[in-house]
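Visitor: By my numbering, the letter at position 50 of the sequence shown is numbered 50, and the numbering carries on one by one without gaps.
All C-beta atoms, glycine included, are put in the ideal place defined by N, C-alpha and C.
Structure in C-alpha coordinates, see below.
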Amino acid sequence: MKKLVLFFLLIGSVSASAQSDSLYNRANAHYEGGEYEAALDAYGQLIASGYESSDLYYNMGNAAFRSNSIGLSILYYEKALKLEPGNQDAAHNLEYVKQYRVDAFDSIPVFFLKDWIKAFVHLLSERNWSLAALLLFSLFFICVLLYLFSRRMVLKKAGFFIGLAVLLLFGLSLASAVSAHRHIVRPVEAVIIEPSVTVRSTPDHSGTELFILHEGTKVTSGEMVSGWQNIRVADGREGWVVQNHIASI
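Given below as C-alpha coordinates:
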(Lines of atoms letter the chains of each structure in order from A and count residues from 1; the text may use other names and numbers.)
(Lines give C-alpha, C1' and ligand atoms only; values in the text may rest on other atoms or scores of the structure.)
Protein backbone atom coordinates (compact mmCIF):
# COMPACT_ATOMS: atom_id res chain seq x y z
CA MET A 1 0.00 0.00 0.00
CA LYS A 2 2.86 2.37 0.88
CA LYS A 3 4.50 1.60 -2.47
CA LEU A 4 1.21 2.33 -4.24
CA VAL A 5 0.86 5.70 -2.47
CA LEU A 6 4.47 6.55 -3.30
CA PHE A 7 3.85 5.62 -6.94
CA PHE A 8 0.88 7.98 -7.20
CA LEU A 9 2.84 10.74 -5.45
CA LEU A 10 5.65 10.34 -7.97
CA ILE A 11 3.18 10.34 -10.86
CA GLY A 12 1.59 13.53 -9.51
CA SER A 13 5.00 15.17 -9.12
CA VAL A 14 6.03 14.26 -12.67
CA SER A 15 2.69 15.48 -14.00
CA ALA A 16 3.01 18.82 -12.18
CA SER A 17 6.57 19.23 -13.44
CA ALA A 18 5.51 18.48 -17.02
CA GLN A 19 2.67 20.99 -16.74
CA SER A 20 5.07 23.66 -15.46
CA ASP A 21 7.49 22.96 -18.31
CA SER A 22 4.62 23.21 -20.79
CA LEU A 23 3.49 26.56 -19.35
CA TYR A 24 7.05 27.89 -19.32
CA ASN A 25 7.65 26.86 -22.94
CA ARG A 26 4.31 28.36 -23.97
CA ALA A 27 5.16 31.62 -22.22
CA ASN A 28 8.54 31.77 -23.93
CA ALA A 29 6.89 31.05 -27.29
CA HIS A 30 4.48 33.94 -26.73
CA TYR A 31 7.40 36.21 -25.87
CA GLU A 32 9.41 35.19 -28.94
CA GLY A 33 6.31 35.80 -31.05
CA GLY A 34 5.91 39.32 -29.70
CA GLU A 35 2.78 38.40 -27.71
CA TYR A 36 4.07 39.97 -24.51
CA GLU A 37 0.79 40.22 -22.60
CA ALA A 38 0.04 36.56 -23.35
CA ALA A 39 3.55 35.71 -22.16
CA LEU A 40 2.93 37.62 -18.92
CA ASP A 41 -0.32 35.74 -18.41
CA ALA A 42 1.40 32.37 -18.87
CA TYR A 43 4.27 33.34 -16.56
CA GLY A 44 1.67 34.48 -14.03
CA GLN A 45 0.01 31.06 -14.17
CA LEU A 46 3.37 29.52 -13.30
CA ILE A 47 3.66 31.79 -10.26
CA ALA A 48 0.10 30.91 -9.23
CA SER A 49 0.96 27.20 -9.44
CA GLY A 50 3.72 27.68 -6.88
CA TYR A 51 6.73 27.90 -9.18
CA GLU A 52 9.05 30.82 -8.47
CA SER A 53 12.57 31.69 -9.56
CA SER A 54 14.77 34.68 -10.27
CA ASP A 55 14.94 33.80 -13.98
CA LEU A 56 11.15 33.59 -14.20
CA TYR A 57 10.72 37.06 -12.70
CA TYR A 58 13.46 38.34 -15.02
CA ASN A 59 11.50 37.06 -18.02
CA MET A 60 8.35 38.67 -16.63
CA GLY A 61 10.20 41.96 -16.27
CA ASN A 62 11.25 41.79 -19.91
CA ALA A 63 7.71 40.98 -21.06
CA ALA A 64 6.23 43.78 -18.94
CA PHE A 65 8.70 46.30 -20.35
CA ARG A 66 7.84 45.23 -23.90
CA SER A 67 4.18 45.77 -22.97
CA ASN A 68 5.00 49.33 -21.84
CA SER A 69 4.17 48.45 -18.23
CA ILE A 70 7.03 50.26 -16.51
CA GLY A 71 5.68 49.68 -13.01
CA LEU A 72 5.30 45.93 -13.46
CA SER A 73 8.66 45.71 -15.19
CA ILE A 74 10.43 47.33 -12.23
CA LEU A 75 8.43 45.15 -9.82
CA TYR A 76 9.50 41.91 -11.50
CA TYR A 77 13.16 42.90 -11.83
CA GLU A 78 13.13 43.78 -8.12
CA LYS A 79 11.58 40.39 -7.34
CA ALA A 80 14.25 38.67 -9.44
CA LEU A 81 16.99 40.43 -7.47
CA LYS A 82 15.27 39.66 -4.19
CA LEU A 83 15.53 35.93 -4.90
CA GLU A 84 18.98 36.16 -6.47
CA PRO A 85 20.91 39.36 -5.63
CA GLY A 86 23.67 38.32 -8.03
CA ASN A 87 21.41 38.28 -11.11
CA GLN A 88 23.41 40.78 -13.17
CA ASP A 89 21.00 40.76 -16.12
CA ALA A 90 18.10 41.75 -13.87
CA ALA A 91 20.21 44.43 -12.18
CA HIS A 92 21.27 45.89 -15.53
CA ASN A 93 17.73 45.92 -16.93
CA LEU A 94 16.35 47.43 -13.73
CA GLU A 95 18.74 50.36 -13.94
CA TYR A 96 17.82 50.82 -17.60
CA VAL A 97 14.05 50.80 -16.97
CA LYS A 98 14.34 53.24 -14.07
CA GLN A 99 15.09 56.05 -16.51
CA TYR A 100 11.47 55.83 -17.71
CA ARG A 101 10.04 56.68 -14.29
CA VAL A 102 8.34 60.03 -13.86
CA ASP A 103 9.11 60.53 -10.16
CA ALA A 104 12.55 61.40 -8.84
CA PHE A 105 13.27 62.00 -5.16
CA ASP A 106 16.24 62.93 -3.02
CA SER A 107 16.59 60.10 -0.54
CA ILE A 108 16.98 60.77 3.16
CA PRO A 109 20.59 60.00 4.16
CA VAL A 110 20.93 56.58 5.82
CA PHE A 111 23.56 55.73 8.44
CA PHE A 112 26.47 54.28 6.44
CA LEU A 113 26.74 51.17 8.61
CA LYS A 114 23.14 50.24 7.81
CA ASP A 115 23.90 50.52 4.10
CA TRP A 116 26.99 48.34 4.50
CA ILE A 117 25.04 45.66 6.35
CA LYS A 118 22.29 45.69 3.72
CA ALA A 119 24.83 45.42 0.90
CA PHE A 120 26.60 42.56 2.69
CA VAL A 121 23.39 40.58 3.22
CA HIS A 122 22.49 41.05 -0.45
CA LEU A 123 25.81 39.60 -1.60
CA LEU A 124 24.23 36.13 -1.57
CA SER A 125 20.74 34.70 -1.76
CA GLU A 126 18.98 33.20 1.26
CA ARG A 127 19.74 29.70 -0.02
CA ASN A 128 23.45 30.39 -0.49
CA TRP A 129 23.78 32.01 2.93
CA SER A 130 22.11 28.93 4.45
CA LEU A 131 24.50 26.62 2.60
CA ALA A 132 27.46 28.70 3.75
CA ALA A 133 26.25 28.50 7.36
CA LEU A 134 25.84 24.72 7.09
CA LEU A 135 29.33 24.24 5.63
CA LEU A 136 30.91 26.51 8.25
CA PHE A 137 29.14 24.67 11.07
CA SER A 138 30.48 21.36 9.70
CA LEU A 139 33.98 22.85 9.58
CA PHE A 140 33.60 24.13 13.14
CA PHE A 141 32.60 20.63 14.28
CA ILE A 142 35.74 19.23 12.64
CA CYS A 143 37.85 21.85 14.44
CA VAL A 144 36.26 20.87 17.77
CA LEU A 145 37.11 17.21 17.14
CA LEU A 146 40.65 18.18 16.19
CA TYR A 147 41.04 20.17 19.40
CA LEU A 148 39.57 17.45 21.63
CA PHE A 149 41.22 14.36 20.23
CA SER A 150 44.48 15.46 18.63
CA ARG A 151 47.58 14.55 20.63
CA ARG A 152 49.81 17.08 18.91
CA MET A 153 49.79 20.53 20.53
CA VAL A 154 50.19 22.26 17.15
CA LEU A 155 47.01 20.63 15.86
CA LYS A 156 45.17 21.41 19.08
CA LYS A 157 46.05 25.10 18.77
CA ALA A 158 45.13 25.10 15.10
CA GLY A 159 41.78 23.48 15.89
CA PHE A 160 41.11 26.02 18.65
CA PHE A 161 41.96 29.23 16.80
CA ILE A 162 40.61 28.16 13.42
CA GLY A 163 37.47 26.95 15.19
CA LEU A 164 36.97 30.38 16.77
CA ALA A 165 37.32 32.10 13.39
CA VAL A 166 34.97 29.62 11.75
CA LEU A 167 32.43 30.03 14.57
CA LEU A 168 32.45 33.79 13.99
CA LEU A 169 31.91 33.32 10.25
CA PHE A 170 29.16 30.79 10.97
CA GLY A 171 27.32 33.30 13.15
CA LEU A 172 27.69 35.95 10.46
CA SER A 173 26.37 33.62 7.75
CA LEU A 174 23.47 32.45 9.90
CA ALA A 175 22.47 36.03 10.74
CA SER A 176 22.65 36.94 7.04
CA ALA A 177 20.52 33.92 6.09
CA VAL A 178 17.88 34.89 8.68
CA SER A 179 17.92 38.51 7.50
CA ALA A 180 17.59 37.45 3.85
CA HIS A 181 14.71 35.12 4.78
CA ARG A 182 12.86 37.90 6.61
CA HIS A 183 13.36 40.17 3.62
CA ILE A 184 11.57 37.58 1.46
CA VAL A 185 8.71 36.50 3.75
CA ARG A 186 8.01 39.95 5.21
CA PRO A 187 8.12 42.36 2.29
CA VAL A 188 8.18 45.99 3.35
CA GLU A 189 9.06 47.42 -0.05
CA ALA A 190 6.54 47.89 -2.84
CA VAL A 191 6.21 49.43 -6.29
CA ILE A 192 3.49 51.69 -7.68
CA ILE A 193 1.90 49.73 -10.55
CA GLU A 194 -0.81 52.18 -11.66
CA PRO A 195 0.01 55.03 -14.12
CA SER A 196 -0.66 57.58 -11.36
CA VAL A 197 -1.74 57.28 -7.74
CA THR A 198 -3.08 59.90 -5.34
CA VAL A 199 -1.52 59.77 -1.88
CA ARG A 200 -3.97 60.94 0.80
CA SER A 201 -3.68 62.03 4.41
CA THR A 202 -6.11 59.38 5.70
CA PRO A 203 -7.16 55.89 4.54
CA ASP A 204 -10.23 57.19 2.77
CA HIS A 205 -11.13 58.88 -0.51
CA SER A 206 -12.19 61.93 1.49
CA GLY A 207 -8.67 62.37 2.85
CA THR A 208 -6.65 65.40 1.81
CA GLU A 209 -4.67 64.91 -1.39
CA LEU A 210 -1.00 65.15 -0.39
CA PHE A 211 0.85 64.37 -3.61
CA ILE A 212 0.81 62.19 -6.73
CA LEU A 213 3.03 59.18 -7.43
CA HIS A 214 3.55 57.46 -10.76
CA GLU A 215 4.19 53.88 -11.82
CA GLY A 216 7.57 52.41 -11.06
CA THR A 217 8.15 54.45 -7.92
CA LYS A 218 9.48 52.33 -5.08
CA VAL A 219 7.96 52.87 -1.63
CA THR A 220 8.11 51.42 1.85
CA SER A 221 4.78 49.96 2.93
CA GLY A 222 3.34 50.09 6.44
CA GLU A 223 0.01 49.17 7.98
CA MET A 224 -3.10 48.41 5.95
CA VAL A 225 -6.55 49.72 6.90
CA SER A 226 -9.75 48.83 5.03
CA GLY A 227 -8.06 48.34 1.67
CA TRP A 228 -5.71 51.30 2.10
CA GLN A 229 -1.95 50.99 2.51
CA ASN A 230 0.26 53.40 4.40
CA ILE A 231 3.39 54.16 2.37
CA ARG A 232 6.56 56.19 2.73
CA VAL A 233 8.56 57.64 -0.16
CA ALA A 234 12.36 57.87 -0.28
CA ASP A 235 12.29 61.58 0.60
CA GLY A 236 10.41 60.85 3.84
CA ARG A 237 6.89 61.87 2.84
CA GLU A 238 4.10 59.55 3.98
CA GLY A 239 0.45 58.95 3.19
CA TRP A 240 -2.21 56.45 2.21
CA VAL A 241 -2.91 54.82 -1.16
CA VAL A 242 -5.45 52.27 -2.35
CA GLN A 243 -3.85 48.91 -1.57
CA ASN A 244 -4.20 47.37 -5.04
CA HIS A 245 -2.42 50.35 -6.61
CA ILE A 246 0.87 48.99 -5.29
CA ALA A 247 2.48 45.54 -5.32
CA SER A 248 4.89 44.14 -2.74
CA ILE A 249 8.34 43.16 -3.93
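Relative to the alpha-carbon of H245, which residue among S221, N59, A234 and K98 has its alpha-carbon at the smallest distance?
Guide: Counting from 1 along the sequence shown, the entry for residue 245 is found at position 245. Out of S221, N59, A234 and K98, S221 has the C-alpha closest to the C-alpha of H245.
Visitor: Between which residues of its own chain and L10 is the CB-CB distance below 8 Å, once the five residues before and five after are set aside?
Guide: Your numbering for residue 10 matches position 10 in the sequence shown. With a pLDDT of 47 at L10, under the threshold of 50, the modelled position of that residue is not reliable, and the figure given next carries that caveat. Counting only Cβ-Cβ distances below 8 Å, and skipping sequence neighbours, we find nothing.
Visitor: Who are the Cβ neighbours of Q45 in its own chain at under 6 Å, not counting the five residues just before and after it?
Guide: Locating residue 45 in the sequence shown gives position 45, where the first residue counts as 1. So the qualifying residues of the chain are L23.
Visitor: Sorted by chain position, which residues of the same chain lie with C-beta nearer than 7 Å to A247's C-beta, five sequence neighbours on each side aside?
Guide: Mapped onto the sequence shown, residue 247 falls at position 247. L75, A190, V191 and I193.
Visitor: Should K82 be flagged as near chain C, meaning a C-beta pair shorter than 8 Å?
Guide: Absence of chain C from the displayed structure is noted, only one protein chain being present.
Visitor: Count the CB pairs spanning the segment 42-61 and the segment 76-85 that are closer than 8 Å, and state whether there are at least three.
Guide: The segment 42-61, when compared against the segment 76-85, does touch it at the 8 Å Cβ threshold.
Visitor: Just the Cα atoms here: how many angstroms apart are L169 and S138?
Guide: Against the sequence shown, residue 169 aligns to sequence position 169. Against the sequence shown, residue 138 aligns to sequence position 138. Roughly 12 Å between the two C-alpha positions.
Visitor: According to DSSP, is R151 helix, strand or coil?
Guide: To locate residue 151, count along the sequence shown from 1; it is residue 151. Three-state result, R151: coil.
Visitor: Using the rule of at least 16 other Cβ atoms within 10 Å of the residue's Cβ for burial, across every protein chain shown, is Q229 buried or exposed?
Guide: The sequence position of residue 229 within the sequence shown is 229, counting from 1. Q229 comes out buried.
Visitor: Would you list the one or two residues that DSSP bridges to E189?
Guide: One-based indexing of the sequence shown puts residue 189 at position 189. In DSSP, E189 forms a bridge with T220.
Visitor: Express the C-alpha separation of A177 and R127 in angstroms, rounding to a whole number.
Guide: In the sequence shown, counting from the first residue as 1, residue 127 sits at position 127. In the sequence shown, counting from the first residue as 1, residue 177 sits at position 177. Going from the Cα of R127 to the Cα of A177 covers about 7 Å.
Visitor: For I268, count neighbouring Cβ atoms within 10 angstroms of its own Cβ and tell me buried if that reaches 16, exposed if not.
Guide: Here the chain has residues from 1 to 249 only, and residue 268 is not among them.
Visitor: If we call anything under 8 Å between Cβ atoms a contact, is V242 one with G227?
Guide: Reading the sequence shown from its first residue, position 242 is the one you call residue 242. Reading the sequence shown from its first residue, position 227 is the one you call residue 227. Yes. Within cutoff.
Visitor: Less than 8 Å between the C-beta atoms of L172 and F140, yes or no?
Guide: As a working mapping, residue 172 is identified with position 172 in the sequence shown. As a working mapping, residue 140 is identified with position 140 in the sequence shown. No, Cβ-Cβ distance for L172 and F140 is not below 8 Å.
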